[in-house]
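Report on the following structure.
Numbering (UniProt numbering), first residue to last: 1 to 432.
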């Protein structure tokens with residue numbers, strides 16, 4: 001067990017038996033550790049720490065290793081870097097004890113001992129004189145051996161030859177000190193951030209309506225958007241699960257018209273989507289999940305502020321609000337296909353096309369296409385451009401073979417016409 005400051009003042013200490021702790025502090029409140037919450041918290045902390053280091057390793061269940069030597073050009077003083085890290089962690093209510101040393105195990109020993117310092121190899125040796133044996137969390141039999149021969153501090157042990165220490169006392173202790181002092185190299189395994197976002201939040205009480213849940217959902221959505229922004233990603237789909245105690249979870253798949261990573265966009269559509277949900281049981285937990293991401297578009301800003309009108313962002317905001325109000329099944333986009341037949345050149349899709357097919361520049365084609373071609377008399381037309389041969393669809397029953405032209409009428413209206421191999425002429429679209 002562990003103890004906070006209030007419990008420590010009553011004499012409760014880490015590792016103490018629960019019965020003993022209750023004797024010292026009858027008003028003691030016991031909270032059991034949930035392993036999945038610990039794992040979730042340390043992974044979230046590692047993702048926040050990725051802003052300050054390209055090499056992060058987990059020291060589970062509650063520690064991290066950060067390589068910060070490469071950050072010296074940005075943070076000339078190690079204390080500045082430590083202050084920036086603590087400020088970032090405080091946003092998520094994470095308490096940090098940090099230390100900087102030439103070797104990972106040395107920083108580990110200082111931080112676990114509550115010594116927040118930036119040391120080099122020489123000053124680390126001096127610091128070891130202040131550290132007692134209990135800072136190593138040794139087994140009682142090993143600590144008894146050390147004290148029996150008069151070794152009272154970590155400095156006393158570190159002065160011994162590692163081979164003698166391993167032979168007479170403990171191999172693992174000798175190896176740990178070799179790593180901390182740099183006698184033997186040791187590098188922790190790197191942390192690989194998850195390629196998906198998953199966040200589960202336990203609620204303080206059961207909620208029978210959705211309106212109070214918006215406060216908790218807003219908190220998780222902001223964390224989700226931070227996840228996207230740190231990786232320069234956008235997302236179009238977010239799965240929200242409202243978990244009940246005895247019933248199947250209520251699931252809502254929220255879709256944006258275009259990918260976004262701004263909290264205001266997600267919160268707006270989340271609010272509108274939840275209005276359509278009817279709860280059948282109280283909610284005890286909420287869970288958000290997303291796994292399909294796209295790279296965020298790179299945009300250049302204008303030099304002068306009054307010219308900085310982000311048209312793309314405004315369009316995304318408008319489309320997302322339309323989707324929120326009308327529903328994702330009622331907002332469609334017109335996208336190009338790889339089929340060359342004009343009737344099948346475009347299709348309606350619920351989301352914008354991920355692949356942009358370039359328009360042909362060889363011959364112009366009209367935006368106004370008739371549902372079906374109508375016969376015309378070629379005598380009334382003057383051919384301007386063409387022909388554009390389209391021979392496609394041989395693999396199905398709707399095969400075509402046509403020669404298209406841009407033609408002008410006597411009143412100078414531009415039409416798109418074609419003829420078949422039998423020299424029958426048809427009008428298929430209008431330019432003007």
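Glycine included, each C-beta is placed from N, C-alpha and C at the ideal position.
For residue j and residue i, the rounded distance between their alpha carbons
| i | j | result |
| --- | --- | --- |
| residue 451 | residue 373 | Absent from the structure is residue 451, since the part of the chain shown begins at 1 and ends at 432. |
| residue 260 | residue 349 | 19 angstroms |
| residue 119 | residue 204 | 43 angstroms |
| residue 275 | residue 281 | 16 angstroms |
| residue 98 | residue 83 | 10 angstroms |
| residue 39 | residue 156 | 36 angstroms |
| residue 131 | residue 152 | 9 angstroms |
| residue 210 | residue 250 | 12 angstroms |
| residue 34 | residue 337 | 51 angstroms |
| residue 424 | residue 406 | 16 angstroms |
| residue 206 | residue 158 | 55 angstroms |
| residue 124 | residue 25 | 38 angstroms |
| residue 321 | residue 265 | 8 angstroms |
| residue 55 | residue 193 | 11 angstroms |
| residue 12 | residue 27 | 12 angstroms |
| residue 225 | residue 77 | 31 angstroms |
| residue 183 | residue 20 | 42 angstroms |
| residue 330 | residue 248 | 28 angstroms |
| residue 135 | residue 172 | 15 angstroms |
| residue 409 | residue 344 | 27 angstroms |
| residue 146 | residue 201 | 46 angstroms |
| residue 91 | residue 117 | 23 angstroms |
| residue 385 | residue 231 | 49 angstroms |
| residue 220 | residue 327 | 23 angstroms |
| residue 399 | residue 422 | 15 angstroms |
| residue 394 | residue 236 | 37 angstroms |
| residue 107 | residue 122 | 14 angstroms |
| residue 94 | residue 37 | 14 angstroms |
| residue 315 | residue 366 | 25 angstroms |
Residues bridged to residue i [DSSP beta-bridge criterion]
| i | result |
| --- | --- |
| residue 404 | 388 and 418 |
| residue 132 | 153 |
| residue 382 | 408 |
| residue 429 | 369 and 416 |
| residue 63 | 59 |
| residue 435 | No information on residue 435 is available, as it lies outside the stretch 1 to 432 that the chain covers here. |
| residue 295 | 233 |
| residue 260 | 235 |
| residue 333 | 349 |
| residue 375 | 426 |
| residue 255 | 237 |
Top-ranked residue by Cα proximity to residue i, from the options
| i | options | result |
| --- | --- | --- |
| residue 71 | 51, 89 and 90 | 51 |
| residue 197 | 218, 216 and 223 | 223 |
| residue 238 | 395, 256, 249 and 231 | 256 |
| residue 74 | 295, 53 and 57 | 53 |
| residue 16 | 267, 172 and 2 | 2 |
| residue 252 | 242, 346 and 258 | 242 |
| residue 419 | 314, 408, 377 and 397 | 377 |
| residue 30 | 4, 181 and 46 | 4 |
| residue 431 | 96, 43, 9 and 370 | 370 |
| residue 415 | 231, 383, 107 and 400 | 383 |
| residue 185 | 60, 43, 102 and 8 | 102 |
| residue 62 | 181, 86 and 96 | 96 |
| residue 218 | 14, 263 and 174 | 263 |
| residue 128 | 347, 139, 14 and 115 | 115 |
| residue 170 | 240, 143, 45 and 195 | 143 |
Whole-number beta carbon distance between residue j and residue i, since they are thought to touch under 8 angstroms
| i | j | result |
| --- | --- | --- |
| residue 64 | residue 88 | About 12 angstroms separates the two Cβ atoms, so there is no contact after all. |
| residue 293 | residue 234 | 7 angstroms |
| residue 390 | residue 317 | Residue 390 to residue 317, Cβ: 39 angstroms. No contact. |
| residue 58 | residue 191 | 5 angstroms |
| residue 267 | residue 254 | The pair is not a contact, with the Cβ atoms about 11 angstroms apart (cut-off 8 angstroms). |
| residue 189 | residue 177 | With a Cβ gap of about 21 angstroms, residue 189 and residue 177 do not count as contacting. |
| residue 214 | residue 283 | That pair is no contact at about 12 angstroms. |
Residue i in three-state terms, based on DSSP
| i | result |
| --- | --- |
| residue 201 | strand |
| residue 38 | helix |
| residue 265 | helix |
| residue 52 | coil |
| residue 9 | helix |
| residue 223 | helix |
| residue 206 | strand |
| residue 307 | Residue placement at residue 307 cannot be trusted, given a pLDDT of 46 that sits under 50; the coordinates are not used to answer. |
| residue 100 | strand |
| residue 185 | coil |
| residue 178 | helix |
| residue 118 | strand |
| residue 143 | helix |
| residue 195 | coil |
| residue 71 | helix |
| residue 22 | helix |
| residue 212 | coil |
| residue 395 | coil |
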